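For what it's worth, full-length UniProt numbering labels the leading residue of the sequence shown as 1, then goes sequentially.
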Amino acid sequence: MKSKQRGTLATIFYFAQECRSRMVLSVLCALISVAAGLVPFWGVYQIMMLFFGGSPGAGDILFWSGISVGGYVLKILFYGISTTLSHRSAYQILENIRLGATERLMSAPLGEVLSQRAGKMKNIIVDRVETIELPLAHMIPEGISNFLFPLAIFIYLVFIDWRMALASLICVPLGAIVYGIMMRNFNSQYAAYMEASNHVNSIIVEYVEGIQVIKAFNQSTESYEKFAGAVSSFREFTLAWFQSTWKLMNLGNAILPSTLLGVLPVGVLLYIEGSLTPAELTLSMILSLSMVAPVTWFTVAVNEWKAVQYAVKDVNELLELPSLPDTACPVQLASFDVELKDVSFAYKESKGDVLRGINLQIPEGSYTALVGPSGGGKSTIARLIARFWDVGKGSITIGGTDIRKIPLAQLSQLVSFVTQDNFLFNCSLLENIRLGQPTASDEEVHAAAQAAQCEEFISRLEKGWATPAGEAGGKLSGGERQRIAIARAILKNAPIVILDEATAFTDPENEDKLQRSLAVLTKGKTLLVIAHRLSTIKNADQIFVLQEGRVVAGGTQQELLEKCALYQDMWRAHTGARAWAANSGRKGEIAHA
Ligand code: ADP
């Protein structure tokens, strides 16, 4: 069951644990800054009193000016300290959120992580999280000063004359009504805005990522129109939203800061009546004007807070990925037999079970192959043994121990999973291979590479072993990339090897090297191969035929050719295709001769 998402503030506080004292200090500095900000008003008031009281002495004026400047300097200083502290806290929170999200990815079922789009995850972890920083850093110093400062001014006005204090607020209810009308659809409009923004983002990503296909199939006009259409409809949406609010927004922006609307007439009346001195009248007007900026800050803050809420919501989606139950104590295994007992499994998105009651025994040191029509469940079985997900029903054991009871770190040492698209990191080829066994010496890495038939093509590269995989990527063939992945697995030397056999890269020279490197990798190991070409598995100890999530037959190749109709069909299709390929190859040779 999906747990309820943590709220925005709760999430932020959760990740703010180690910087709480810094945040408290930031709040204190903001408070001092607000108090110091009042000093200049007090100083100006004193100077005005001196003027209204007769002939002021230069010394007194200088004294009060000094006090005012001092107050101002303190205000700026403490505001600066508060902002610095809150920026540091905000960056710390950002770091914690990012680390939290990546830690979650590490503990979530691998299959779950792989099913997330990389672009989306990058967008959340890098870009969306970044949008939290500025509002968060400014929320403490600015939020506090912008709330407390007008409050303090209001209290100050109360001390001068409570009627002036009330008069300064006359614009607040008027402004609030206008903003209230303007904001009545804010939540739904903002949600629609975010949806439109995400839509245009995904169209842009699709356009950029698909540019190769678009060009190859001459779809540039049509695709560009889709792209341009999305961008312009986003523009129209934002414009329409803006237009629907701008009149009210301007009205609100005009009314809310107009504190003089109340203070001026009321002040003049009180002055005429004799209950307000000229100094008090002037000070009240200055004070009421100083309330303006903080009050308008809140209208901007509402928008920014909304952006933070959406960013945190996206982050929470990652943070709430289910985590795979793990245990800490390493297990002593009796053997490296792998057994599936009555295993059923359904993907989250799949309609029903994609594996139904699978029973397989893969003895230690044996060579087992899975074959069958595409979609039969071969890769799913392999992924379940590597615990990308947990089985729905039944169990998978290694050496008689349920893999759910084996710590994930130990399991990953036990199983090497070599697929067609093993990832190369953007470090040197040497380091890419060393990933298989981080403590391996250079000599051991070289030996593994040699066994995987990599040495020859690596020596052809200008920078040899030091070539960054990203740079080499363009120069390496698919088969060569795969041999690097095999070298990595040879170095890892796990007792159980799962191999998703390549369908591509099957040119004869590569094929020969691939087979030789695989022979080293799999020697003496418990080997499970997802086979696409039946000729490569003729030596398998046992072959299981999978169809629609069930094992329909099992045995050696000879046995299956005798008893399994599906296997016979597959064999005929395979040998037919090979004969065809051989014939067309010969025709090509004749044509070239
Ligand atoms: P095979 O390896 O035999 O081609 P798979 O194990 O890849 O078969 O797939 C078995 C079934 O599970 C198919 O119907 C496939 O569409 C579905 N499937 C595979 N991967 C996923 C996934 N990540 N999410 C949802 N369904 C999936």
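Backbone N, C-alpha and C define an ideal beta-carbon position, used for all residues, glycine too.
Predicted model only: the values in this text are computed from it and were never measured.
- No residue range can be given for residue 386, since it is assigned to no beta strand (DSSP E) and is classified by DSSP as neither H nor E.
- Residue 134: member of the alpha helix (DSSP H) spanning 129-160, first to last residue.
- Note on residue 523: under 16 other CB atoms within 10 angstroms of its CB, so exposed under the neighbour-count rule.
- Not a single heavy atom of the ligand ADP lies less than 7 Å from the C-beta of residue 419.
- A check of alpha carbon separations from residue 377 across 350, 367 and 363 identifies 350 as the nearest.
- A heavy atom of the ligand ADP is found nearer than 7 Å to the CB of residue 354.
- In this structure, DSSP gives residue 271 a helical state, which the three-state scheme calls helix.
- Contact between residue 145 and residue 301 does not hold, since their C-beta atoms are separated by about 12 Å, which reaches or exceeds 8 Å.
- Boundaries of the beta strand (DSSP E) around residue 393: 393-398.
- As for any beta strand (DSSP E) of minimum length 3 sitting wholly inside the region 501-542, the runs are 526-530, ordered along the chain.
- For residue 478, the distance from the CB to the nearest heavy atom of the ligand ADP is not below 7 Å.
- Within the same chain, and ignoring the five residues on either side of residue 335 in sequence, the residues whose Cβ sits closer than 7 Å to its Cβ are 364 and 399.
- Boundaries of the alpha helix (DSSP H) around residue 312: 292-319.
- For residue 462, there is no enclosing beta strand (DSSP E), as DSSP marks it with neither H nor E.
- Judged by their CB atoms, residue 494 and residue 429 are not nearer to each other than the 8 Å cut-off.
- With contact defined as three or more Cβ pairs closer than 8 Å, the region 356-373 and the region 545-561 are in contact.
- For residue 415, the enclosing beta strand (DSSP E) begins and ends at 415-418.
- Not one heavy atom of the ligand ADP is found less than 7 Å from the C-beta of residue 523.
- A distance criterion of 7 Å places the beta-carbon of residue 459 beyond contact range of the ligand ADP, judged by its closest non-hydrogen atom.
- A straight line joining the alpha-carbon of residue 63 with that of residue 271 spans about 28 Å.
- Its chain contains no residue whose beta carbon lies nearer than 7 Å to that of residue 120 once the 5 sequence neighbours on both sides are disregarded.
- Around the beta carbon of residue 463, fewer than 16 other beta carbons sit within 10 angstroms, so the residue counts as exposed.
- Its chain contains 310 as the residues whose beta carbon lies nearer than 6 Å to that of residue 194, once the 5 sequence neighbours on both sides are disregarded; these appear in chain order.
- Contact annotation: residue 420 and residue 482 have beta-carbon atoms nearer than 8 Å.
- For residue 445, the secondary structure class from DSSP, reduced to helix, strand or coil, is helix.
- Proximity of the beta carbon of residue 140 to the ligand ADP is not indicated: no heavy atom of the ligand is located closer than 7 Å.
- Not a single heavy atom of the ligand ADP lies less than 7 Å from the C-beta of residue 91.
- Taking non-hydrogen atoms of the ligand ADP into account, the C-beta of residue 112 is found less than 7 Å away from none of them.
- Of the heavy atoms belonging to the ligand ADP, none sits nearer than 7 Å to the Cβ of residue 344.
- In the structure shown, residue 572 adopts helical secondary structure according to DSSP, grouped into three states.
- Shown here for residue 292: same chain residues with a beta carbon closer than 7 Å to its own, the five before and five after excluded, namely 257 and 259 in chain order.
- Rounded to whole angstroms, the gap between the alpha carbons of residue 203 and residue 347 is 27 Å.
- By the 16-neighbour rule on beta-carbons within 10 angstroms, residue 373 is exposed.
- An exposed status is given to residue 240, since fewer than 16 other beta-carbon atoms sit within 10 Å of its beta-carbon.
- If you compare the alpha carbons of 284, 225, 321 and 361 with that of residue 105, the shortest gap goes to 321.
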